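Student: One structure, as structure tokens, below. Some questions next.
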Amino acid sequence: MLLIEALLIGIISVIVPGFLLALALLHKTRMNKVFIFMIGIAFGLIFPPVMIWLESYLIPLSPIFAFSAGLYNVNIIILSVIGFLLSVREGAIDLPAL
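Residue numbers (our numbering): 1268 to 1365.
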């Protein structure tokens, strides 16, 4: 049961921010949503580790930026919020429809 839970959390933490960012960036291209989803998976695999890598340069300034699961989760939430707000701004997500 714990393995299934860990897999679901891992998959969701890759798909959600990646798809939202890809949707915001590729909405105007009229690309099929399946292709946007696949590109979003690639974004979700790339952007959170890049944020951790960039934050690692801040470790000498403050040890709070040392790698931890909490920092990764915060990065996932930040990327998801940024992707959602960009998608709303670009018109990819119609806010009244939610």
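Beta carbons: idealized from backbone N, C-alpha and C, even for Gly. All values reported here derive from a predicted model rather than from experimental measurement.
For isoleucine 1319, which residues in the same chain have their Cβ closer than 8 Å to its Cβ, ignoring the five residues on either side in sequence?
Tutor: Position 52 of the sequence shown, counted from the start, is the residue given in the question as residue 1319. Only Phe1334, Leu1338, Tyr1339, Asn1342 meet the Cβ criterion.
Student: Counting pairs of Cβ atoms below 8 Å between the segment 1286-1302 and the segment 1319-1329, do you hit three or more?
Tutor: The segment 1286-1302 vs the segment 1319-1329: no contact.
Student: Let me know if isoleucine 1303 comes out buried or exposed under the rule of 16 or more other beta-carbons within 10 Å of its beta-carbon.
Tutor: By one-based count along the sequence shown, residue 1303 stands at place 36. The residue is buried, with at least 16 neighbouring Cβ atoms inside 10 Å.
Student: Find out if the Cβ-Cβ distance for the pair leucine 1290, glycine 1307 is shorter than 8 Å.
Tutor: For the purposes of this step, residue 1290 is identified with residue 23 of the sequence shown, where counting begins at 1. For the purposes of this step, residue 1307 is identified with residue 40 of the sequence shown, where counting begins at 1. Yes.
Student: Taking 8 Å as the cut-off, decide whether the C-beta atoms of isoleucine 1394 and glycine 1311 are in contact.
Tutor: Examination of residue 1394 is not possible in this model, given that the chain is present from 1268 through 1365 alone.
Student: Whose C-beta lies closer than 7 Å to the C-beta of alanine 1336 among residues of the same chain, with five residues either side of it excluded?
Tutor: Indexing the sequence shown from 1 puts residue 1336 at position 69. Hits under 7 Å: none found.
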